[in-house]
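Have a look at the structure below, then the notes.
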Ligand SMILES: [Zn+2]
């Protein structure tokens, strides 16, 4: 009986974590795997992992960073398994565009949010991956620099440099457009 | 402080992480340098734009479908 109660509360926890953070997980995953189906796989795999590891989450206020770290690793492992896909940023740019043209989500995003949103999203997506992840985690998802460093498993000064350079590139790309 | 130093310290400045003296120098520079003032305000706009529009979103239907699928898989795992 006690075991049943414990498992019930873990289910509730997963539902709550999913409602609050699934979008962020998808957002990070999509920026690495570049297609909806794999990003959805990352979302599922992440929350299964979260369920199995939830005892490790001691500080509720750090849930988002902790979850995104799991998501980031899941996404990278999908990428490693899928070697035939383009990994060079220049190739990826063409790949992303083709992917987005066919994506229902992209179409509905376009209707909902208009050209400005597309411009900004395209500019973020055109960044090299290391800068893109720093910007997605810090500026889009609002993690602290320390949390970003944890997710990416890099030091504080490297994190700060990536955020700085990512913002510089976005500024150069977006100036006059926003 | 010179322009390149301000740009190099911009993230720390925006995070409020600079020590008091360096922050005071940064503010002094910003008050007199229109170039850096523009860089700062454009950077703030870029940050705000990323926060507001930068997300790749799941559809509502995907949201529901994935949550159900996760719960199904967890049900199988724990049975
Ligand atoms: Zn200056």
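Protein chains in written order, with my numbering: chain A, 23 to 200; chain B, 149 to 227. Glycine included, each C-beta is placed from N, C-alpha and C at the ideal position.
Going along the chain, which residues of the segment 184 to 209 of chain B sit with their C-beta nearer than 7 Å to a C-beta in chain A? Of all residues in the segment 184 to 209 of chain B, 190, 191, 193, 194, 195, 197, 198, 199, 201, 202, 203, 204, 205, 206, 207 have a Cβ within less than 7 Å of some Cβ in chain A.
Distance between residue 163 (chain A) and residue 184 (chain A) (C-alpha atoms, nearest Å): Residue 184 (chain A) and residue 163 (chain A): Cα-Cα distance of roughly 16 Å.
Taking the continuous alpha helix (DSSP H) assigned at residue 183 (chain A), which residues delimit it? Counting along the chain, the alpha helix (DSSP H) containing residue 183 (chain A) begins and ends at 178 to 196.
Can you tell me whether residue 43 (chain A) is buried or exposed, with buried defined as 16 or more other CB within 10 angstroms of its CB? Around the beta carbon of residue 43 (chain A), 16 or more other beta carbons sit within 10 angstroms, so the residue counts as buried.
Say whether chain B places a C-beta atom closer than 9 Å to the C-beta of residue 52 (chain A). So yes, residue 52 (chain A) belongs to the interface.
Unbroken stretches of the alpha helix (DSSP H), 4 residues or longer, contained in the segment 201 to 227 of chain B: Listed in chain order, the alpha helix (DSSP H) elements of length 4 or more contained wholly in the segment 201 to 227 of chain B are 208 to 226.
Which two residues bound the contiguous alpha helix (DSSP H) that contains residue 4 (chain A)? What the structure shows of chain A is the stretch from 23 to 200, and residue 4 (chain A) is not part of that stretch, so it cannot be assessed.
For residue 247 (chain B), the first and last residue of its enclosing alpha helix (DSSP H): What is shown of chain B runs 149 to 227, which leaves residue 247 (chain B) out entirely.
So does residue 150 (chain B) have its beta carbon nearer than 8 Å to some heavy atom of ligand 1? Yes; taking the cut-off as 8 Å, the Cβ of residue 150 (chain B) has a heavy atom of ligand 1 nearer than that.
I want to see whether chain A comes within less than 9 Å of residue 182 (chain B), judged by CB atoms only; does it? Answer no: the Cβ-Cβ gap between residue 182 (chain B) and chain A never drops below 9 Å.
C-alpha distance - residue 210 (chain B) paired with residue 137 (chain A), whole-angstrom precision: Taking C-alpha positions only, residue 210 (chain B) is separated from residue 137 (chain A) by approximately 24 Å.
Restricting to Cα atoms, I'd like to know which of B:220, B:159, B:149 is closest to residue 172 (chain B). Here the closest residue by C-alpha is B:149.
Any C-beta of chain A under 9 Å from that of residue 177 (chain B): So, not an interface residue.
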